[in-house]
Structures are given as C-alpha cells and as structure tokens.
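**Student:** Residue numbers (UniProt numbering), protein chains in the order written: chain A, 1 to 508; chain B, 1 to 304.
Virtual Cβ for every residue (Gly too), placed ideally from N, Cα, C.
Sharing a structure with you now.
What follows is the structure, encoded as structure tokens:
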C-alpha cells in the first residue's frame, strides 16, 4: 500500500480498502444500526481474521502512544488482536442487546474509523441477512453482433464459449480504467458461498480526490445513496443491479446518474477485442433475490416458470430406471393432503374452528378449482416459496372489442386523443408505447386503448393462484401470462400472450 | 429423559422399516404388474366384480406404458412426447412437442432436461420454435437453435434446413459433456483429498465468512503462514483448493504456497491451456506444460 499523500491532489486511483470513515459518518451510522447482534459479532470476527487485518485495523493499546490523555474512555483498548478475538467470541456466546456490540465497535475497538472494507462487508452482510431489502433490475450481457464474426459466433465447437468470460482481476482493472476519470470509487468484489453468485459493491465517491480526508467530508445537503450493488449469478449472462438506498432514503437523480455511469462501464469491462457486450433489458424487476435466481438465474428454472415448473424437478420426469408406478402417486397424494391439513390447522387454530369443518368437506367444485390451479401453476406460486414478485405490470395491446352500434365510432376517435394530452407525472414508464408501436397502431383501423394492468402485493402469482382456487378468476380461461410463465414483471400483452422479440429463446 | 429418547429412537426405526417395506411392496407390485401374460389372464379368469377387473387392467396398462417409456428413455437418451399447453391463448391450440434428454453418468441417470417446442407459424406447420425449456444458461442453447432451428426471417439469405434430430443430438452432447466435466471436477477434488462440494455446503453453516473476496489480493488461506513454515521442511506445497466455474470450462487450483493455476478445459474434457503463477507473480512454465492432457489426471500430473 502506498504511503498516504499529505497534500490533496486530484489523481487516478481507486479508494483503497483501508481508507477509513469517521464513526460519526452518516453511512457508517446507518449501516451499523441496521445490523443484528449476531451479524455484528460475526463481522467483527471476520475483520480480526489474519488476512483482513490490513484493511480493518482496530484501535489497540499500542496505538495510544504518546497522547494517552483519555482516562475517561469507556472501552479500554485491547492489547492484541488475539485478545480482541477472545472478547468477541465471548460476546457471541453471551446473550444481550445489539446496542452493546454496536457501541463497542464504533466507540471502542474501531473508534478511529471504519474502513471502506469494513463498511462494504457490513452492507453485504445486511444484504445476505435480508435478501428482500433492495430492488433489483435484471439485465443481460448480450454480445453485439459484428458482421465479420457473425458466422463464427453461431458456431458451437469443442472449445467455443457463449458466455462472457469473467476473470475477477481483469474485470476489476477494466472497470477501474473506465470509471476513475469520472469519479473515485471503492470496489469490493465477493464470491458468495451460500448462493451461486458474485456481488460487486461500488461505493461512489464523487470527488476528484481519493484521500481519506476527502472521504470524510459529508456534503451535508444531499442525502444520496452512495453505494451500488451488482450481482452476477454464476454461469449465466445476467447482471442484477441495485442502488443501496437505506430504508426511507430517496434515490435522487444524482444517485441514479452515478449508477448509470457504473452500469455503462460494466459491459465495457467485460468486452475484449472482437467480443463486445452491451446490457440488454430483460423486463424483470423485483426485490427478492431468490426470485431473481429462479427467473434469471444459473439453473433450470429460467424458462420454465409458472405451470411449466413441473418440468424442472422430478415430479414429471422420473428417473428413466424408475419403474414403480403404484407408490409414487399414492405417497404424493397423501403427503399433499397431510400438508394441506397441517396448514389449515395452524391457520385456523382458535376462533376459526367452524370454518375448518366447512373446509374439510370440500365441495367437488372447490376440488376441481384446486386441480385446475395445480394444472396451471404446477409447483410454482406457493405463498411461502420466497420467490414472490411484488409488482407485475402489463399493457394490453389488443384492439377494443368491436361495438355492434356504429354510432360509437365518433366517440372512440375522441377518446383516443385524450391519453396523449394527459401526461402522467414522473419518469416515463417502460411501458409507454414507442414511436414505432404508435405508428403501427395508427395504421390499423381498430381502436387500441392504452390499458395497463398492475398487480401488486407480497407475492403476485401466489395471489393469482389463490384467486383461481377461490373461483374468483376462471382458471381455465385465464391467459398464460397470469400464471407467471412469461417470466417478466413488465410487458405488453397481445392476443393473450406477452410480446417477445422474434428469434429470442426465453430465459437466456 | 432416557426412556423418551429410546422411544423416539424406536419410533424412527419403525418409520424407517415402514418406508423400506413400502418401497419393497411397490417394487414387488411393479414386478407383478409387468408379468407378460397378466392382461390375458385377467381377461380369462372369472372375477367377482367387473369393476375390480377394470381397475386391474388399468393398473397393468399404466405399468406397461411406463415400462415402454422407460425403455425408450434409457436406450435412446433423447425422446419426444406431446404436451398440451393449458393456456387458452397459446399458439397452435396449445399443441406442444417436448424433447426430453436423459443424461447418464457412471451408470446412473443423473438428470433430465426438457425442451418444449411450439409451432408459431400457421403457414409453415413444420417450423418449430422453442417455447419453454429447462436447459441451464451455461449450455449454448441459443447458438444451437440458431444453427438447427432457423426461424423464417427475411434477413437470412440462405435459409438452412431445420433439423430437430441433429439439434437434439448436439444438445445432448453438450449436456452430457457438462455433467462429465462436473463429475471430473469432483474426482479431482477427491484426488487432492479436498472436501467435496456436498461436504462444503454442509460445513457452510458454521462458517464465518459469507464468501470469498476477489479483489483483496491477499492469501485466502486462513493459516497460510503456519503452513509455509511446514512446507519449507518437506518442500512440497499441497493443493489447498480446486474450483471450477459453472460450466467447468475453467478450473482454478490454489496451492498452499500461494501458487495459482488456471486451466482451460475443452468441452470434451481436455486441458488445452494452462497458466500457473507463483505468489511472486512469475510464471511456472514446467507446471503449466505438465497440466496439459485429460482433465481426469490433472491432479496426478501436477503432483508427479
């Protein structure tokens, strides 16, 4: 690590891991108050591990040195790393409030400041503790077709590669090269062991300097989200991006702009000569990381959602050497019933007793509806599968049903003028018709109103499934996109199907 | 307390026994139902209730269907079937053609993959389009589809023939070779006496760190310093981790002395490129050239 320059000169370096923020810094305070006791202890132990000590130097007794005037200090500095490790192990074993740990870290052992590395690991810890805390947009790294290599790209040979190559060091160097002239940033790239993905956190430091002092300056007025997260699921060409805003913090245009700069640099960092990439939208936004991994992840589930989920697991495709026909069905049915019964019992424990007896003698109608729902949704859209989408928005692009009365024609022409005038406030929606689409509509003689349907809730498709089971939505006439099988959260529907680009294979 | 535990143990033993017996009964049932002359005998013998005869015939029919399907699947590897799309708005009245690929590794069927086709073009009834599939993204489905299942596009100057059979064959090859590489990676980890993937996942619960920091540029080996001392005595660094990417096209091996090697693997399992760097950053050309060859023997060649 280079010695810290005393003078502040604009430079071309990244913010290193070991630069510290004062503990009173707003970002530090926010991040640390969010974390649970258990996570705080585990983080402190990580920071004290031998390999991380360079980046997370605690305040030890040896650091006190000459200016030993602080007698009224609350926490006496520890002698050594080993002593601190012991202290935190003991704290981990004991019960207590989280405030105790938080104060010990911020006012005691790391009173001189929290390093960028610590802040980054703390935020990633929070993200892993609360996988639904941020809103993610899934993008796809798409190769820009170049005329010369077109035929070559299509070829599948013994050593051809169809996914962008990901080498951590090369990627970081490329990304820093793209970004440092525009802003200073701290990067942390971490390969997660519990989930198949790699997280990049970029802490944006909007300043020409990369010194520790410039980091600490809080440009008071603007309360911006400073960090941006990107996630690569292993073995696929998707990228999820998100602004790490704290609860209740608004994402200003500044924050969004900075994220866009980083986002634009990412495909460039992946590119190499004769293989250029760009980010393409996949029309998918959600807060749940599990849902992202299911719909845009590395596994089998990307293009087989909704009712097609039966093809993912073994309940449709039994092992080719499994000849037993009798037991499987029986066992499953019994299990299913038992599970339903248990759910009913726990849900209706107490005052809902008479209701439950009603449910037991399920009418043949209700049974049929449940079977229809099972047929349409397969094993997906269970209320507690953790893969809930919060918002699904579609635009219906079908022509208005023709009226038998021809006098209505005059009216409709008037109505079609209206939406253009009635400008909605805020940013333009992704669903706003493009110029091409408007032109296409004007060529046709049918009136196509701009109708949008928004489903919102904790788990949209589980909700639709319940509506089908209750008989509110007709499970047999319901179009396929209502089961979630299109795998998008925003889209245009024509003739009952979500529009897709031609030649595009779903889920890739 | 002891008696309660003993009772719990007894109960779980009984449950296990019930499960084994049920499995045994099920397999006996399917053997009985597979008897070659059973349908004819059922027809000939008198029965008390006509309904029982019908039920029995149905069961026999189901078993023989399953037997036939499994024989095809086990022998052909790629099989086709028909599906009805429940979506009332589906193209072509919801007729869907499914292609099922069974991958076997080492005498066992490890996984089944599906590709489902529909016919979006009413004018060209034979043109198939991929509707849904369960192929992981690390398999080059799009290039294969571009090659063997071209859609009628105006831009394509010479429309290639659609060839579903060759598409299936190539896709199966990709999937099978991917599973073989996964298997080979596990064998390598076993060769180097490292905990396998399953053991790692089980051990993760107690682990402190959520992941591996990739841009910290320090040794990730927790007790590297202690080991370096030990290594100086016997002079042979050991392999501390073997990692592969999702498609197992690239294997990263880390030694306990900080040497890192990256090995490119072709789809059929040949290490064709290798780069080994020591901790100081110098290339180790001899190790790199030793690594070239079949992937299965990689660890043996490196340790030789």
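Excluding sequence positions up to five away, which residues of its chain have a Cβ less than 8 Å from the Cβ of residue 101(A)?
**Tutor:** 37, 40, 41, 44 and 91
**Student:** Given a threshold of 16 other Cβ atoms within 10 Å of its Cβ, counted over all protein chains shown, does residue 114(A) qualify as buried or as exposed?
**Tutor:** Taking a 10 Å sphere around the C-beta of residue 114(A), we find 16 or more other C-beta atoms and assign the residue as buried.
**Student:** So with Cβ pairs under 8 Å, would you call residue 332(A) a contact of chain B?
**Tutor:** For residue 332(A), the predicted structure reports a pLDDT of 41, less than 50, and the residue's modelled location is therefore unreliable. The matter cannot be settled from this model.
**Student:** By Cβ distance, which residues of its chain are closer than 6 Å to residue 171(A), with the 5 residues on each side in sequence left out?
**Tutor:** 269
**Student:** Does any CB atom of chain A fall closer than 8 Å to the CB of residue 212(B)?
**Tutor:** Look at residue 212(B): its C-beta is under 8 Å from a C-beta on chain A.
**Student:** Under three-state DSSP, which class holds residue 186(B)?
**Tutor:** Of the three classes helix, strand and coil, the one that applies to residue 186(B) here is helix, per DSSP.
**Student:** Would you list the residues sitting across from residue 140(B) in a DSSP beta bridge?
**Tutor:** Looking at the DSSP assignment, residue 140(B) forms no beta bridge with any residue, so it has no partner.
**Student:** Which residues of chain A have a Cβ atom closer than 8 Å to the Cβ of residue 100(B), listed in chain order?
**Tutor:** 317
**Student:** So residue 306(B) contacts chain A; which residues on that side make the cut at Cβ distance below 9 Å?
**Tutor:** Residue 306(B) is absent from the model: chain B starts at 1 and stops at 304.
**Student:** Spatial neighbours of residue 244(A) within its chain, please: C-beta separation below 7 Å, excluding the five flanking residues on both sides.
**Tutor:** Cβ neighbours of residue 244(A) beyond the five flanking positions: 123, 134, 225, 227, 228 and 229.
**Student:** If you drop the 5 nearest sequence neighbours on each side, which residues of the same chain put their C-beta closer than 6 Å to that of residue 227(B)?
**Tutor:** Its pLDDT being 41, under 50, residue 227(B) is placed unreliably in this model, and the coordinates cannot settle the point.
**Student:** Measuring CB to CB, does residue 473(A) end up less than 8 Å from residue 394(A)?
**Tutor:** No, the Cβ-Cβ distance between residue 473(A) and residue 394(A) is not below 8 Å.
**Student:** Between residue 277(A) and residue 167(A), what straight-line distance do the alpha-carbon atoms span, to the nearest angstrom?
**Tutor:** Each residue's alpha carbon lies about 15 Å from the other.
**Student:** Who are residue 103(B)'s beta bridge partners in DSSP?
**Tutor:** 111(B)
**Student:** Tell me the residue span of the alpha helix (DSSP H) that contains residue 95(A).
**Tutor:** Premise fails: residue 95(A) is in no alpha helix (DSSP H) and is neither H nor E.
**Student:** Assuming residue 116(A) contacts residue 209(A) (C-beta within less than 8 Å), just tell me the rounded distance between them.
**Tutor:** The Cβ separation is near 14 Å, so there is no contact.
**Student:** When you check each C-beta in the region 49-82 of chain B against every C-beta of chain A, which residues fall closer than 8 Å?
**Tutor:** 59, 62, 63, 66, 67, 70, 73 and 74
**Student:** Counting C-beta neighbours from all protein chains within 10 Å, is the total for residue 146(B) 16 or more, i.e. buried, or is it exposed?
**Tutor:** buried
**Student:** Nearest CA to the CA of residue 288(B): which residue from 84(B), 31(B) and 301(B)?
**Tutor:** Residue 301(B) is the option with its Cα nearest to residue 288(B).
**Student:** Taking the continuous alpha helix (DSSP H) assigned at residue 116(A), which residues delimit it?
**Tutor:** 116-129
**Student:** Three-state secondary structure (DSSP) at residue 34(B)?
**Tutor:** In the structure shown, residue 34(B) sits in coil (DSSP, three-state: anything other than H, G, I, E or B).
**Student:** Mind the definition here: the region 40-50 of chain B touches the region 62-77 of chain B only if three or more C-beta pairs lie below 8 Å; say whether that holds.
**Tutor:** no
**Student:** At a cut of 8 Å, does the region 278-291 of chain A reach the region 138-146 of chain A through at least three beta carbon pairs?
**Tutor:** yes
**Student:** Which term fits residue 21(B), buried or exposed, when burial requires 16 or more other beta carbons within 10 angstroms of its beta carbon?
**Tutor:** So residue 21(B) counts as exposed.
**Student:** With residue 114(B) and residue 317(A) assumed to form a contact (beta carbons below 8 Å), what rounded beta-carbon distance in angstroms separates them?
**Tutor:** 7 Å
**Student:** Taking buried to mean at least 16 other C-beta atoms within 10 Å of its own C-beta, is residue 184(A) buried or exposed?
**Tutor:** buried
**Student:** Name the one or two DSSP bridge partners that residue 278(A) has.
**Tutor:** 142(A)
**Student:** Buried or exposed for residue 97(A), please, with buried defined as at least 16 other CB atoms from any protein chain shown within 10 angstroms of its CB.
**Tutor:** With fewer than 16 other Cβ atoms inside 10 Å of its own Cβ, residue 97(A) counts as exposed.
**Student:** For chain B, check one thing: does any of its Cβ atoms lie closer than 8 Å to the Cβ of residue 85(A)?
**Tutor:** no
**Student:** Which value, in whole angstroms, describes the spacing of the CA atoms of residue 232(A) and residue 160(A)?
**Tutor:** Pairing residue 232(A) with residue 160(A), the inter-Cα distance amounts to about 21 Å.
**Student:** If residue 373(A) sits next to residue 255(A), beta carbons under 8 Å apart, how far is it from one beta carbon to the other, in whole angstroms?
**Tutor:** Contact between residue 373(A) and residue 255(A) does not hold, since the beta-carbon distance rounds to 42 Å and is not under 8 Å.
**Student:** Measure the Cβ-Cβ separation of residue 505(A) and residue 162(B) and say whether it is below 8 Å.
**Tutor:** no
**Student:** Taking the beta carbon of residue 217(A) as the centre, do at least 16 other beta carbons fall within 10 Å, making it buried, or is it exposed?
**Tutor:** exposed
**Student:** With H, G and I counted as helix, E and B as strand and the rest as coil, what does DSSP make of residue 98(B)?
**Tutor:** If DSSP states are grouped into helix, strand and coil, residue 98(B) belongs with the strands.
**Student:** Any C-beta of chain B sitting closer than 8 Å to the C-beta of residue 26(A)?
**Tutor:** no
**Student:** Relative to the C-alpha of residue 184(B), which residue among 284(B), 295(B) and 38(B) is closest?
**Tutor:** 295(B)
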